[in-house]
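Colleague: Attaching a single structure in structure tokens format; questions to follow.
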Amino acid sequence: MRLALLTDLHFGRAQPDLVPPLLESITAASPDLIVIAGDFVQRARASQFRDARAFVDRLQHPWIAVPGNHDIPLFNVIARALAPRAAYRRWIAPDPEPMIETADAVIVGLDTTHRWSHQRGLIRQGQIDRVGKVIRTAGDKPVIIMAHHPFHHRPEVEKKVMKGAADALTYWAACGPHVILSGHLHTWTVEPFVAQKSDAMTLQIHCGTGLSTRLRGEANEYAIIDLDGDQITAQRMTATADTLRFVPESRHSYRQATTGWHELL
């Protein structure tokens, strides 16, 4: 099974010249499913959501998505308090937590946005329990968890990790191996990490921004993820404003074992 991971498109601060090459590259990759991990827009305005909707309508393959913190209002306090996901539901998808089971994998979307924890995000106990049950009952199928906020930060990241992330990782590690797809930080990271004892049950694939001008020292990018039995490969696809073309960069492969994820060199 092949997935394309997109995140942090940020229409309102997107680079319009990169839209055609991004669409062309994804179409050429021919994914079975496109997963979009939030931040479709910059400031949750209708005009920005309209542009985001026009983009997803041009995708040539099935897609699912979860919202990001920029997809809920920041300055419109009334909308943020009363209906923070109304615009997202109207323009992008009515269900902010989609779940799909195929012959090859189970993909679970989590809404980690919170109206009052705008930047940091939050995972709730009910979500933790629900995903744990999916991991325990998935059998041989890999479980792919998609959320906007990452569950683990590299040491150099100054932002606080999402509320509830440590509890989620500890519980899910006891349930079995799984993969997390995330965005938010506009950086690229692929790494397994220990959440319980010595087992690296969690493999996080953290992708940077697909179209935003807020690059934070890295290129615009998306990821092609191939699932083949107990093996997963993440191919980073990057572009710059100079080249206007998405090309393969780094490639990472891991195999799932009883002790967790192990990199294939």
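For the sequence shown, the working numbering assigns the number 9 to the initial residue and increments by one for each residue that follows.
A virtual CB, placed ideally from N, CA and C, is assigned to each residue, including glycine.
1. On the DSSP bridge list, what partners appear for Gln212?
2. Suppose the cutoff is 8 angstroms on Cβ atoms and the five residues either side in sequence are ignored; what does the same chain contact list for Ala12 look like?
3. Would you kindly check if the distance between the Cβ of Ala60 and the Cβ of Gly8 is under 9 angstroms?
4. Identify the residues that DSSP records as bridge partners of Glu271: which are they?
5. In three-state DSSP terms, what is Ser206?
6. On the DSSP bridge list, what partners appear for Asp236?
7. What are the partner residues of Met107, as DSSP defines its beta bridges?
8. Asp112 to Tyr262, Cα distance in whole Å?
9. Any idea if Gln23 is buried or exposed, counting beta-carbon neighbours within 10 angstroms, 16 or more meaning buried?
10. Whole angstroms is fine: what's the gap from Ser206's alpha carbon to Trp180's?
11. Among Asn228, Trp269 and Glu257, which one has its Cα closest to the Cα of Leu30?
12. Shortest alpha-carbon distance to Val169 belongs to which of Phe48, Thr120 and Ser220?
13. Looking at the strands, I want to know which residues DSSP matches up with Ser220.
14. Please state whether DSSP places Pro102 in a helix, a strand or coil.
15. Can you tell me which of the three DSSP states Arg128 falls into?
Modeller: Once the coordinates are examined:
1. Ile188 and Glu199
2. Ile34, Ala37, Pro39, Leu41, Ile42, Val43, His69, Tyr230, Ala231, Ile232 and Ile233
3. The requested residue 8 does not occur in the structure, where the chain is confined to residues 9 to 273.
4. The partner list for Glu271 (beta bridge, DSSP) reads Tyr262.
5. A caution first: Ser206 carries a pLDDT of 45, below 50, which makes its placement in the model too unreliable to give a value.
6. Gln239
7. Val116
8. 17 angstroms
9. buried
10. Note that Ser206 scores 45 on pLDDT, short of 50, meaning its location in the model is unreliable and no value can be drawn from it.
11. Asn228
12. Ranking the options by Cα distance to Val169, first place goes to Thr120.
13. Ala22
14. coil
15. coil
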